[in-house]
Amino acid sequence: MQATAARAPGRGSSREFESTVLAVEPIMGDAILLTVGAPPSLVERLLPGQFFNVACRFPGSFDPLLRRPYSVYRADREKSSLTFLVRPFGRGSAWLAKRAPGETLDMLGPLGNWYAIPPRSQRLLMLAGGVGVAPLVMLSDDAAAQGLDIVFVMGAADEHGLLPASELRGSIEYLVATDDGSRGHRGLATEIISDYVAWADQIYACGPEPMYRTLRAVADPLRIHRRPKVQISVERGMACGLGACLGCVVETRRGMIASCVRGPVFDLDEVVI
Amino acid sequence: MQATAARAPGRGSSREFESTVLAVEPIMGDAILLTVGAPPSLVERLLPGQFFNVACRFPGSFDPLLRRPYSVYRADREKSSLTFLVRPFGRGSAWLAKRAPGETLDMLGPLGNWYAIPPRSQRLLMLAGGVGVAPLVMLSDDAAAQGLDIVFVMGAADEHGLLPASELRGSIEYLVATDDGSRGHRGLATEIISDYVAWADQIYACGPEPMYRTLRAVADPLRIHRRPKVQISVERGMACGLGACLGCVVETRRGMIASCVRGPVFDLDEVVI
Amino acid sequence: MSAVATPDVSVDLAPRNPRELRLRNPIIAASGCFGYGEEYAGVIDIQRLGAFVSKGITPERRSGNPMPRIVESPAGMLNAIGLQNPGIHGFVKKYPALWELWTVPAIVNISAETVEDYAMMAAILDEQPGLAGIEINVSCPNIARGGYCFGWDPEMSAEVTRAVRDVTTLPLIVKLSPGAADIISVALAVEEAGADAISLINTIVGMAIDVRARKPLLANHTGGVSGPAIKPIAVRMVYQTAAAVRVPVIGMGGIMSLGDALEFFLAGASAVQIGTAIFVDPGLPIRLIDELSRWLDNEGFASLDQIVGIANEGFRLGERHVLTAWEAAGA
Amino acid sequence: MSAVATPDVSVDLAPRNPRELRLRNPIIAASGCFGYGEEYAGVIDIQRLGAFVSKGITPERRSGNPMPRIVESPAGMLNAIGLQNPGIHGFVKKYPALWELWTVPAIVNISAETVEDYAMMAAILDEQPGLAGIEINVSCPNIARGGYCFGWDPEMSAEVTRAVRDVTTLPLIVKLSPGAADIISVALAVEEAGADAISLINTIVGMAIDVRARKPLLANHTGGVSGPAIKPIAVRMVYQTAAAVRVPVIGMGGIMSLGDALEFFLAGASAVQIGTAIFVDPGLPIRLIDELSRWLDNEGFASLDQIVGIANEGFRLGERHVLTAWEAAGA
Ligand SMILES: Cc1cc2nc3c(=O)[nH]c(=O)nc-3n(C[C@H](O)[C@H](O)[C@H](O)COP(=O)(O)OP(=O)(O)OC[C@H]3O[C@@H](n4cnc5c(N)ncnc54)[C@H](O)[C@@H]3O)c2cc1C
Ligand SMILES: Cc1cc2nc3c(=O)[nH]c(=O)nc-3n(C[C@H](O)[C@H](O)[C@H](O)COP(=O)(O)OP(=O)(O)OC[C@H]3O[C@@H](n4cnc5c(N)ncnc54)[C@H](O)[C@@H]3O)c2cc1C
Ligand SMILES: Cc1cc2nc3c(=O)[nH]c(=O)nc-3n(C[C@H](O)[C@H](O)[C@H](O)COP(=O)(O)O)c2cc1C
Ligand SMILES: Cc1cc2nc3c(=O)[nH]c(=O)nc-3n(C[C@H](O)[C@H](O)[C@H](O)COP(=O)(O)O)c2cc1C
Ligand code: FES
Ligand code: FES
């Protein structure tokens, strides 16, 4: 009768699993890297940009009620683990950021589509805004392992909010911008990408929506016939994560589309933002 | 705007304080002893039978909403700490039982009245049922320090549910009963108290209500002019702990009385149970 | 934890209807929380469910409300999806044929702003394969009555029920709105008008304000509250309604565990629907089927019937018992 | 964190009444959650409060309902205290004289089962010292109308208001019941009948079943739900009501933080009451006074007035704006 009974094995669904927290390390100021165990078959098949809906409450408590989506920051196929980047912000993330190794988390996923690397792509530009860097780290890991050329540009409020260069593979060119100029370019990340827009054959972005609007304004005049393609990951509040509630829709040229199943990755030219 | 803001210093009330968890140790099967720091002036004045209303949820979560009352099991005036005995049962106690040293708890108290040791009392009989043992341990600590004679009788389902004898001062006579006979008398604790009822000049009890009814049935024929007096601690669900909501009343000969301020300790002869 | 549990948990939710609405178990996925079934087909064994109810279908295609459409609330959520759906014509092109291939009973939830539109949809559904029944959502504004909600008024709710009853022999569930001041009168009116069963509660109208932006958080301003927060209100309304009517009552509102589902059964529900919990815990409905059988077995009940309404004196006495005055006011 | 915050947070809750109900700040302790003030006198600095409302007083002494009277619910609680109180005659012997010594305005909450009894109590209160106003609790069963709750019906609510208005010049707050299907009609009716202000919401009727004992958990069967769980419903009702009436609206229901209180102000409340939160966090009302001033200051507002209703288009336009159809139904 206790809600804790819901933790029993055999949760009745094929997409949920209990994962054990393996490590919690600080990163990017007040954020953390949270590493959890996951079934090998899952880690194996995971693609960059996919996410998990995590229950962020003590078992038996119904508040906060909804799961929170977190993109995978890094997948370690050898250790069969997943790492998430969590910035404590509101109730769910503050709870997550307080977890300790050995505790278990209730995960639903993997969910959503992914950043595609089309065949013959060789030059990738990645643009990260703040905590939006998470899925691009996994994408850059995979792309670097395939030997592709990567320029990774990140913007943050100040130097503390930047991803440490050591988190990216050595072959990656890493440029940064900060609002206060404490490191790299003073200003927006979108101000230092012009040269690379023409160079790239794919652009990947993850950050707040205003960044996408600026990106569009900066990149569009430099793109010819909408090339290179721009793949963005959108952030919407979610309930089900499975396309059932229609609470997470994104307005696109094809109508209102559930971002949890046919996103979170969209073609910038398709979405109305 | 975040509920966590409510944690800021200066909580606006004189009866609340943040305490730091100092130790968590297992006891009596699945229960724990939870030791927390408290202001010296508070620990100094605390009386046995008083309790604290503890917030049993992650800051920012509103579920479970209400504080849980816990009697003080032991007060250490030197270390300025309080120890509580918590049996994980439902949502609040399960949360409490998972706390770790260094975490903070939001306490409201001390609340309620206390077990009185009238002047000239010399022979005390204490009767504990299960987790109800908590306030009687503090009472026995105080009484033993005053050099009084104490017979402490405890009942539990089985030997794992019994208080270890080492938790009581050396001078105390400790008798036990278990439902399954795994230790001491097989049966109810009330079955082994007859000899001591006549001996005692005060009787103190804490346990479930059926125990009080049995105690009354056993003790009444042995008492003369309602002597020795029987002081019991009642358990009622609580909201405010301060006599304002009238949710915790006990029916007495004098009407419906708030057990949080004019209890939890009542004269057995006064209450209608 | 016995492997094989034997109690009879089947239930007929349309005993007055020759077509019956017989479910193998009383666990139903609620409207708007389970899409059209297919969304969960790869996640849980949907064929094991007692039944599922589709997202609400409307006369015309709707693209729904602007975003944001959902926001969390204490132990609950607010939604203002705005009935995004393909419309009755888009719906019948795809789903009846799909559902015909399934063994799980599929119930269609319908919403409209006029009595005629409800009847129009029901007439179309009557001819479709693969449908086990219709659930009428009366928590919709009645355009002819200046937008006053159908479900708040016994007569308006009955009118919709009658109009639908006239055009279809499909089992008919009427889903009540908790906004009605007097839920019992509405329940009695729709029973009289031909409802085979009554389900309740729909979401309760609520709102949240974005303090930083100084405006309502939902683009639609208000939304419906669902989840554990509304459970006590739902249990009370089921308790009141189940004692008042003779048709089966389907209870819902905040069910998150077996204990919650049992509260509804004991209050008088013959079946339960699971809504918001599916988002949080998709495996719950399937677990509930097993846990319910096991609980009945452990407690010595041979069938679900034996527990329906046993916490409800009015239900037991068959007395159309209405709560006493102070009870109903919640003093 | 500035030490001295300057914004004007005072408010007159009875602008139509020559006697005024002027509070230094808009933070009020709610009825039933603050006893008679004295219970919290040693715990918080009660004299700093904008005001407090007493436990509900009835014509006769009541010993209240049997136990259990309270039970927790998800992010909330259910209570069925049953108005344990000394009755109007016992009340006037003690509290008016005590409160006269205090600087904090004291409001008396009254409950009765007949219109005559409400008026009888108000006439007695009219002669007492130490009272800043009366709050009429209309969430009570009307014995003359077979127990139908006064507060569910505009006419019945207005009748009580008129009867009380006729016998006292004290500032009069009418506290609405969320059980009314059409809260706006009730609000307009009591405004018309002479209410100086309107407060809402009272608790929502709910219930919980003890699955082990197979009966309702509360001895009274049902109780009133309060706390964060009901906040979205309360905010919505305040938003609707504040836009419809011209008298000040006092909002309450689940306020646990400054953010929650601001939701009510932005929705149109001129003051707020804190109920259940006091049990959980007794220092909250005092903290809110300081936090509110600081917030107004930081955001550049010179007075509380400037934020009342700014999230509410109908309120801003003075337009007696009723929610559009689909909004009101919570689609
Ligand atoms: C596909 C996807 C992937 C995501 N990946 C990550 C990730 O890798 N790392 C990560 O830290 N977060 C990620 N998020 C965001 C994450 O799901 C939570 O929204 C975030 O952690 C805040 O949740 P909370 O419970 O702490 O805040 P809440 O208590 O839910 O929010 C508090 C308030 O802030 C608002 N709010 C919520 N999130 C934001 C925001 N990001 N910016 C501004 N306002 C906000 C809410 O509307 C609410 O009013 C992702 C979201 C999506 C949809
Ligand atoms: C004055 C006082 C002193 C107390 N001292 C202690 C103490 O020292 N140690 C301790 O462990 N507890 C003590 N309690 C009990 C404690 O306050 C909680 O009630 C207990 O920990 C269970 O809370 P929960 O949140 O885990 O359960 P909940 O989730 O609140 O309860 C789950 C269910 O069990 C029921 N329930 C709650 N408590 C009990 C119970 N004790 N027996 C049977 N059913 C119950 C509830 O009604 C509910 O239906 C004391 C209570 C009072 C009033
Ligand atoms: C996102 C969402 C969408 C809903 N859509 C519908 C709907 O289309 N038709 C309907 O009758 N009820 C709808 N409901 C109401 C649910 O079916 C159910 O009555 C309500 O949510 C209470 O149950 P719960 O607390 O278990 O969710 C919806 C609920 C949610 C949360
Ligand atoms: C224990 C309790 C007793 C209450 N008693 C009364 C009462 O006597 N009169 C009244 O008008 N409201 C009473 N209320 C309702 C509150 O004043 C308030 O309207 C309601 O609880 C919603 O606010 P909250 O969520 O902040 O508690 C009571 C509420 C509680 C929790
Ligand atoms: S979160 Fe439910 S459809 Fe995407
Ligand atoms: S808990 Fe409120 S009066 Fe005792």
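Chains as they are written, first to last, in our numbering: chain B, 1 to 273; chain A, 1 to 273; chain Z, 1 to 331; chain C, 1 to 331. Glycine included, C-beta positions come from ideal geometry on N, C-alpha and C.
**S140 of chain B: first and last residue of the uninterrupted alpha helix (DSSP H) it sits in** = As a first step, residue 140 of chain B must be located in the first sequence, where it is residue number 140. Counting along the chain, the alpha helix (DSSP H) containing S140 of chain B begins and ends at 133-145.
**Prompt:** Any C-beta of chain B sitting closer than 7 Å to the C-beta of N312 of chain C?
**Reply:** On the fourth sequence, position 312 is the one that residue 312 of chain C refers to. No - not a single Cβ of chain B is within 7 Å of the one on N312 of chain C.
**Prompt:** Alpha carbon to alpha carbon, what distance is there between G130 of chain A and T222 of chain Z?
**Reply:** Walking along the third sequence from the start, residue 222 of chain Z turns up at place 222. Walking along the second sequence from the start, residue 130 of chain A turns up at place 130. Whole-angstrom Cα-Cα distance: 50 Å.
**Request:** Evaluate T338 of chain Z with the Cβ neighbour count: other Cβ atoms within 10 Å of its Cβ, from every protein chain shown; 16 or more gives buried, anything less gives exposed.
**Result:** Since the first residue shown for chain Z is 1 and the last is 331, residue 338 of chain Z is missing from the structure and cannot be characterised.
**Message:** Rounded to the nearest angstrom, what separates R68 of chain A and A94 of chain A at their Cα positions?
**Reply:** Sequence index remark: in the second sequence, residue 68 of chain A carries index 68 (1-based). Sequence index remark: in the second sequence, residue 94 of chain A carries index 94 (1-based). Those two C-alpha atoms are separated by around 12 Å.
**Asked** Quick one: Cα of I46 of chain C to Cα of G283 of chain C, how far?
**Response** Taking the fourth sequence and counting its residues from 1, one reaches residue 46 of chain C at position 46. Taking the fourth sequence and counting its residues from 1, one reaches residue 283 of chain C at position 283. So the two alpha carbons sit approximately 10 Å from each other.
**Asked** Of the choices A:L22, A:A144, A:P118, whose alpha-carbon is the least far from that of I32 of chain A?
**Response** Within the second sequence, residue 32 of chain A is the residue found at index 32, counting from 1. Closest option to I32 of chain A, Cα to Cα, is A:L22.
**Message:** So that I know if they touch, is there some Cβ in chain B lying closer than 7 Å to that of D30 of chain A?
**Reply:** The residue labelled residue 30 of chain A in the question sits at position 30 within the second sequence. No, no contact with chain B.
**Residue burial classification, G300 of chain C (beta-carbon count within 10 angstroms, cutoff 16)** = Residue 300 of chain C sits at position 300 when you count from the first residue of the fourth sequence. Exposed is the call here.
**Message:** Would Y174 of chain C and I198 of chain C qualify as a contact pair, given that the criterion is a beta-carbon distance under 7 Å?
**Reply:** Mapped onto the fourth sequence, residue 174 of chain C falls at position 174. Mapped onto the fourth sequence, residue 198 of chain C falls at position 198. One point to set straight first is that residue 174 of chain C is Val, not Tyr, in the sequence displayed. Yes; because the gap between Cβ atoms is below 7 Å, this pair is in contact.
**Asked** Among C:P7, C:G32, C:P15, C:S10, which one has its Cα closest to the Cα of G224 of chain C?
**Response** Numbered from 1 along the fourth sequence, position 224 holds the residue referred to as residue 224 of chain C. The shortest Cα separation from G224 of chain C among C:P7, C:G32, C:P15, C:S10 belongs to C:G32.
**Message:** So, at 7 Å on beta carbons, what are the nonlocal neighbours of L125 of chain Z in its own chain, with the 5 sequence-adjacent residues on each side left out?
**Reply:** By one-based count along the third sequence, residue 125 of chain Z stands at place 125. Only V108, L131, I134, T168, L170 meet the Cβ criterion.
**Item:** Best match in C:D196, C:V272, C:E192, C:A277 for proximity to P15 of chain C [C-alpha to C-alpha]
**Value:** Within the fourth sequence, residue 15 of chain C is the residue found at index 15, counting from 1. Looking at the Cα atoms, C:D196 is the closest of the given residues.
**Message:** Just to confirm the assignment, what range does the alpha helix (DSSP H) spanning E20 of chain Z have?
**Reply:** Residue mapping note: residue 20 of chain Z aligns to position 20 of the third sequence, counting from 1. Taken as a continuous stretch (DSSP letters only), E20 of chain Z belongs to no alpha helix (DSSP H), as it is neither H nor E.
**Item:** beta strand (DSSP E) segments (min. 3 residues) lying fully within the stretch 200-254 of chain Z
**Value:** 204-207, 222-226, 249-251
**Item:** Within chain Z, partners of F62 of chain A - CB distance below 9 Å
**Value:** As a first step, residue 62 of chain A must be located in the second sequence, where it is residue number 62. What F62 of chain A touches in chain Z: P74, A75.
**Prompt:** Are the C-beta of S194 of chain B and some C-beta of chain Z separated by less than 7 Å?
**Reply:** As a position in the first sequence, residue 194 of chain B is number 194, starting the count at 1. No, S194 of chain B does not count as interfacial toward chain Z.
**Prompt:** Residues in its own chain within less than 6 Å of M256 of chain C by CB, not counting five upstream and five downstream?
**Reply:** The residue given as residue 256 of chain C occupies position 256 in the fourth sequence. Correct list, in chain order: P228, A277.
**Message:** Here's the rule I'm using: 16 or more other beta-carbon atoms within 10 Å means buried, otherwise exposed. How should Q231 of chain B be labelled?
**Reply:** Residue 231 of chain B sits at position 231 when you count from the first residue of the first sequence. Buried, since its Cβ has 16 or more Cβ neighbours within 10 Å.
**Prompt:** Within 6 Å: the Cβ of G243 of chain B and any heavy atom of ligand 5?
**Reply:** Along the first sequence, one-based indexing puts residue 243 of chain B at 243. Yes, ligand 5 has a heavy atom inside 6 Å of this Cβ.
**Request:** Using 10 angstroms around the beta-carbon of L101 of chain C, count the other beta-carbons present and answer buried if the total reaches 16, otherwise exposed.
**Result:** Here residue 101 of chain C refers to the residue found at position 101 of the fourth sequence. L101 of chain C comes out exposed.
**Item:** Range covered by the alpha helix (DSSP H) that runs through Y212 of chain A
**Value:** On the second sequence, position 212 is the one that residue 212 of chain A refers to. That run of the alpha helix (DSSP H) goes 209-219.
**Message:** Rounded to whole angstroms, what is the Cα-Cα separation between N298 of chain Z and L288 of chain Z?
**Reply:** Residue numbering aside, residue 298 of chain Z sits at position 298 when the third sequence is read from its first letter. Residue numbering aside, residue 288 of chain Z sits at position 288 when the third sequence is read from its first letter. Looking at the two C-alpha atoms, the distance is approximately 15 Å.
**Message:** Short of 7 Å Cβ to Cβ, which residues in the stretch 8-26 of chain B face chain A?
**Reply:** none
**Request:** Give me the Cα-Cα distance between L65 of chain A and D269 of chain B, rounded to the nearest whole angstrom.
**Result:** If you number the second sequence from 1, residue 65 of chain A lands on position 65. If you number the first sequence from 1, residue 269 of chain B lands on position 269. Straight-line Cα distance between these residues: approximately 47 Å.
**Request:** Could you tell me if the beta carbon of A206 of chain Z falls within a distance shorter than 6 Å of some heavy atom in ligand 3?
**Result:** In the third sequence, residue 206 of chain Z corresponds to position 206, counting from 1. Residue identity check: residue 206 of chain Z is Gly in the sequence provided, not Ala. Flag unset: Cβ of G206 of chain Z not near ligand 3.
**Contact list for Q84 of chain C against chain A, beta-carbon separation under 7 Å** = Taking the fourth sequence and counting its residues from 1, one reaches residue 84 of chain C at position 84. By Cβ distance, chain A contributes L246, M256.
**Asked** Under a three-way DSSP split, which group does S2 of chain Z fall into?
**Response** By one-based count along the third sequence, residue 2 of chain Z stands at place 2. Model confidence at S2 of chain Z stands at a pLDDT of 47, short of 50, so the residue's coordinates are unreliable; what they give is reported in the following sentence. Looking at S2 of chain Z - three-state DSSP - the assignment turns out to be coil, as it is neither helix nor strand.
**Asked** For chain A, is any of its Cβ atoms less than 7 Å away from the one on E299 of chain C?
**Response** Your numbering for residue 299 of chain C matches position 299 in the fourth sequence. With 7 Å as the cut-off, E299 of chain C does not count as an interface residue toward chain A.
**Request:** Thinking A382 of chain C and V308 of chain C are a contact (beta carbons under 8 Å), I'd like their distance in whole angstroms, please.
**Result:** Here chain C has residues from 1 to 331 only, and residue 382 of chain C is not among them.
**Request:** Measure from the alpha carbon of S226 of chain C to the alpha carbon of each residue in C:Q240, C:I201, C:D210, then state which is nearest.
**Result:** In the fourth sequence, the residue the question calls residue 226 of chain C occupies position 226. The option with the nearest alpha carbon to S226 of chain C is C:I201.
**Prompt:** Nearest-angstrom Cα distance between T252 of chain A and S259 of chain A?
**Reply:** By 1-based counting over the second sequence, the position of residue 252 of chain A is 252. By 1-based counting over the second sequence, the position of residue 259 of chain A is 259. Taking the straight line from one Cα to the other gives about 10 Å.
**Message:** I'd like the span of the beta strand (DSSP E) that includes I124 of chain Z, first residue to last.
**Reply:** Working through the third sequence from its first residue, we reach residue 124 of chain Z at position 124. Run containing I124 of chain Z: none in the beta strand (DSSP E); it sits in the alpha helix (DSSP H), 115-126.
**Request:** Check each residue of the stretch 76-95 of chain A: if its Cβ is closer than 8 Å to any Cβ of chain B, include it; give the result in chain order.
**Result:** G90, R91, A94, W95
**Prompt:** Counting contacts by CB-CB distance shorter than 7 Å, is A239 of chain A in contact with chain C?
**Reply:** For this step, residue 239 of chain A is matched to residue 239 along the second sequence. Yes, A239 of chain A lies at the interface with chain C (some Cβ there is under 7 Å from its Cβ).
**Item:** Pick from C:I183, C:A123, C:S10, C:E39 that is closest to R236 of chain C, judged by C-alpha positions
**Value:** For the purposes of this step, residue 236 of chain C is taken as the residue at position 236 of the fourth sequence. It is C:I183 whose Cα lies nearest to the Cα of R236 of chain C.
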